[in-house]
Each structure stands twice: as structure tokens, then as C-alpha cells.
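So the protein sequences, as listed, match chains A and B.
Position 98 of the first sequence, counted from 1, bears residue number 188 in the numbering used here, the numbering being contiguous throughout.
Position 149 of the second sequence, counted from 1, bears residue number 239 in the numbering used here, the numbering being contiguous throughout.
A virtual CB, placed ideally from N, CA and C, is assigned to each residue, including glycine.
There are 2 protein chains.
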Amino acid sequence: MVAMRGPSTSYELKRAVGHSVGYFWPFPHAQLYSEPKRLVELGLLDVIAEEHGRRKQTYTITEEGLSELRLWLGEPTTEQLQVRDVAELKLFFGELADAKDMLELAREQVRQHQQRIAVYEQMQLRFAGVPGVATRMVPLRLGLQLERAALQFWVEFEAENTG
Amino acid sequence: MVAMRGPSTSYELKRAVGHSVGYFWPFPHAQLYSEPKRLVELGLLDVIAEEHGRRKQTYTITEEGLSELRLWLGEPTTEQLQVRDVAELKLFFGELADAKDMLELAREQVRQHQQRIAVYEQMQLRFAGVPGVATRMVPLRLGLQLERAALQFWVEFEAENTG
DNA sequence: AATGGATCGTCTGTTTCAGACTATTGAGGA
DNA sequence: TCCTCAATAGTCTGAAACAGACGATCCATT
């Protein structure tokens, strides 16, 4: 996260993460403050303490940090994709639920996924022309694909279960 | 989870969960032992202590538990779908990585998603004819759709970044 | 009798997480 | 000028989630 935009403060990271990774993999901002500290101790980040009488720490990645990062990028990825979706969880109990409830669930999911897709498409548009950002948009495309797949599923489900 | 199959032990749940929800939303089995206890205290489950000299607790859902469950199923679902995928995370740093590494990442992802899809399709086939299980297969379909979307993405990505 | 696999369950320590809480800064209006 | 409010910057706490080692037991084979 750090390296991509040059030196950053935790707050800046928080914002950057907020509308990128954070969209599909949210995590509490407090970690954006505690993690850098850990990484500094490991020698992977440096602090460029500045202005404002000690508040506002700016971090840069060190050479070592960068090579660690690249190492990680080159490692095989064994973890499976995880999907956490309480809607899907509810689906597991479909038999027990009111048909009405499941239908409402589907409708709501359709709404939410449509909305999310709209947001993603907005982002794509906004950054479409900007040079250099192109590669950063790649993960967004995956997110979009997944959202669309989910949307399609719920639309079908709704159709099947409608009167 | 409990209600769908009638009274169960934690171990049975562990297995059942293992090849259903657990596929896309894994969690440690220890919770399958601690949670029921909590739910018993809340009056949502009953213990049918049996045989084996006190080991092996069998749980049933109570009337109250069932109505709580139904209540939950009827509640609006506000949580967004979460996707945790370290491959996608790595993609965010694509600029910094070796092109080679990203290509290998893509290839590996293609492999993994194909394999996962195969497993899901197997499951679908196996339970295709079995009566009563039909509705239980619904969430699987969503999982399958998502996997296919991911696969498609990585295939495209690989194509774009090859030679 | 010994092995080993499936069953059954506990325990420990670490991470993650949600979200409340505190401060500071800077811009704009009364 | 002073006030207020939003944005910025960061800490803290307690609760859940998590990984994974560990301890038992049962049962079928060798």
C-alpha cells in the first residue's frame, strides 16, 4: 500500500485503502496505525517524522521493505479465495424460512449488488483516462466481475421464486 | 446449521459445515464446540446427553431457537459481501512486481479456480437426484458462479499479459 | 497386542475487529 | 474576533475470531 503512492501517513493510507482494497476486504482503521509501527521495528518502513509537533507520522518503505514485498509477490499463493456473505448463509436455511423472506432477501441483494456495481463503474470511468493508474484498476475489474456474478445469481433466484 | 439435519453433535456439524459453508467461509472447528454451549445457555439449543460416558454431546434446536433463527432469516441483511483474496491483494502491487511473477500468479489462480469449480460441479452431480436436498444446493450455485467469474478474470488477465 | 484412522473434544495464545474516545487543525460564518 | 464544524490524526479497550497443538476414545485390521 505504501510503496504505490510514495511516503504516506496512516491517515492517507486509511483513505487510500478505503476506496480500493477496503471495498471488498474491509478492516478497522486502527490497524493502519499499529501495523506501520510494527513494520518500522522490522526495518521494513522508515519514519519521516515531520511538522505538527510530533503528531502525524509519515512512513516510507525501506529498501529492505521493498525487497520483502517483492519476495512476497513472487511467493506462491496458497490461500483460497474466501467469500463472506451473510446473504449466502441465510440461503443455507432457505428451507426453514418464509418464502416471503427469501424473496425479500433476493430483492435486497439485487439492489445492493446493483449499487455496488454502479460505484465500481463510476470509479473505472473516473480513472479511465488517467495515465499510470491503469494497472491499479485491474483488481477493480475482478471485484466488478464478482459483483456481476452475484447480481446475476440473485436475479435468477428471484425470478425462480417469484409467483 | 443444526436444524437442517436434525439433532447433531459438534463433530457432525464440523463435517457438515466442512463441505458446505466451510468451502467459502472457513472457520476453526473449535468454535463448533464452544458455540453450541453458548447457545444452550441462551436457551436456543438443548443438550440430549447420551452414551459414551458423558463425551459426545448431541444438540437439538429448541422452539425458541427455531423462532430466533426464523427471525434472523427475516431481518434485513445489511452486511456487504466480503471477498478475501490474497491473489487480488497481490494484484494491487502489480506495478512493483516482476511481470513474470504476476503471470505465474495468474496461472496458479487459473489452476486453483478450475479445481475448485470441478469440486463444486462434482457436488452438484452427486446430489442432483437426491430429493429434498435441492434447496440445499442453491448456495452452491452462487459459489460456483463466483468461482467461474474469478476464473474468467484470471484467464483474461493471463492472456493480456502473455507475450 | 499393536497400529492407525476416524471420532470427539479442550486449551492456549495471538490477531482481528468494532467502535468509542481524544485531540488538533483549518476554513468559513456570526 | 470568536465559534463551530468538518476533516485530520491517533489511542484505547474489550470482545470475537482464529490457528493449531494437544489429549482422549473407539473401532476395525493386521
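Rank the options by C-alpha distance to the C-alpha of residue i and give the top, closest one.
{"i": "B/F117", "options": "B/L103, B/L186 and B/V130", "result": "B/L103"}
{"i": "B/I138", "options": "B/Q121, B/R160, B/S100 and B/W244", "result": "B/S100"}
{"i": "B/M213", "options": "B/R201, B/M227 and B/Q202", "result": "B/M227"}
{"i": "B/V245", "options": "B/A196, B/L232 and B/V209", "result": "B/A196"}
{"i": "B/K180", "options": "A/G164, A/R128 and A/I207", "result": "A/G164"}
{"i": "B/L159", "options": "B/Y149, B/L134 and B/G253", "result": "B/L134"}
{"i": "B/E250", "options": "B/Q202, B/R216, B/P229 and B/M192", "result": "B/M192"}
{"i": "B/D175", "options": "B/W115, B/A106, B/L129 and B/F217", "result": "B/W115"}
{"i": "A/E131", "options": "A/E194, A/Q204, A/P221 and A/G155", "result": "A/G155"}
{"i": "B/G222", "options": "A/L186, A/D136 and A/T168", "result": "A/L186"}
{"i": "B/L171", "options": "A/E153, A/T167, A/E194 and A/V200", "result": "A/V200"}
{"i": "A/P166", "options": "B/E198, B/D136 and B/P166", "result": "B/E198"}
{"i": "A/T225", "options": "B/F182, B/D136 and B/A218", "result": "B/F182"}
Alpha carbon to alpha carbon, how far is residue i from residue j?
{"i": "B/G112", "j": "A/R145", "result": "44 Å"}
{"i": "A/P126", "j": "A/Y149", "result": "8 Å"}
{"i": "B/Q242", "j": "B/I207", "result": "12 Å"}
{"i": "B/G184", "j": "B/I151", "result": "49 Å"}
{"i": "A/L129", "j": "A/P97", "result": "14 Å"}
{"i": "A/G253", "j": "A/A189", "result": "10 Å"}
{"i": "A/L230", "j": "A/S110", "result": "8 Å"}
{"i": "B/V92", "j": "A/L161", "result": "Any reading at B/V92 must be qualified, since the residue scores a pLDDT of 37, below 50, and its modelled position is unreliable; no value is offered."}
{"i": "A/A240", "j": "A/Q204", "result": "10 Å"}
{"i": "B/L215", "j": "B/A106", "result": "18 Å"}
{"i": "A/R95", "j": "B/Q202", "result": "31 Å"}
{"i": "B/E169", "j": "A/S157", "result": "37 Å"}
{"i": "A/V209", "j": "A/A177", "result": "20 Å"}
{"i": "A/E153", "j": "A/Q147", "result": "19 Å"}
{"i": "B/F247", "j": "B/E194", "result": "11 Å"}
{"i": "A/F217", "j": "A/L232", "result": "16 Å"}
{"i": "B/E211", "j": "B/D136", "result": "36 Å"}
{"i": "B/G219", "j": "B/G108", "result": "22 Å"}
{"i": "A/V173", "j": "B/V173", "result": "5 Å"}
Query - Given 8 Å, three or more beta-carbon pairs between the segment 118-128 of chain B and the segment 234-241 of chain A - result: Judged by Cβ distances under 8 Å, the segment 118-128 of chain B makes no contact with the segment 234-241 of chain A, as fewer than three pairs qualify.
Query raised in the report: Which runs of the beta strand (DSSP E), 3 residues or longer, sit entirely within the segment 161-228 of chain A?
Result: The beta strand (DSSP E) runs of length 3 or more contained entirely in the segment 161-228 of chain A are, from start to end of the chain, 172-174.
Query raised in the report: Which residues, taken in chain order from the segment 100-121 of chain B, show a beta carbon closer than 8 Å to some beta carbon of chain A?
Result: Listed by position, the residues of the segment 100-121 of chain B near chain A (Cβ gap below 8 Å) are S110, V111, F114, W115 and P116.
Requested in this report: Using a Cβ-Cβ cut-off of less than 8 Å, give me the residues of the segment 141-172 of chain B that come near chain A, in sequence order.
Outcome: If the cut-off is 8 Å between Cβ atoms, the segment 141-172 of chain B has L156, L159, R160, W162, L163, G164, P166, T167, E169, Q170, L171 and Q172 near chain A.
**Report entry** Members of the segment 170-196 of chain A that neighbour chain B once the beta carbon cut-off is set at 9 Å
**Finding:** Against chain B - using a Cβ distance shorter than 9 Å - the residues of the segment 170-196 of chain A are Q170, L171, Q172, V173, R174, D175, V176, A177, E178, L179, K180, L181, F182, F183, G184, E185, L186, A187, D188, K190, D191, M192, E194 and L195.
Requested in this report: With 9 Å as the C-beta to C-beta threshold (strictly closer), list the residues of the segment 220-231 of chain A near chain B in chain order.
Outcome: From the segment 220-231 of chain A, only G222, T225, R226, V228, P229 and R231 have a Cβ closer than 9 Å to chain B.
Query raised in the report: In chain order, what residues of the segment 196-213 of chain A put their CB closer than 9 Å to some CB of chain B?
Result: So the list reads E198, Q199, Q202, H203 and R206, given in the order they occur along the chain.
Requested in this report: Tell me the start and end of each unbroken beta strand (DSSP E) in the segment 110-153 of chain B that is at least 3 residues and wholly inside, in chain order.
Outcome: DSSP runs (the beta strand (DSSP E)) wholly in the segment 110-153 of chain B: 135-137 and 148-151.
Query raised in the report: Just by C-beta distance, which residues in the segment 236-248 of chain B are closer than 9 Å to chain A?
Result: If the cut-off is 9 Å between Cβ atoms, the segment 236-248 of chain B has L236, E237, R238, A239, A240, Q242, F243, W244, E246 and F247 near chain A.
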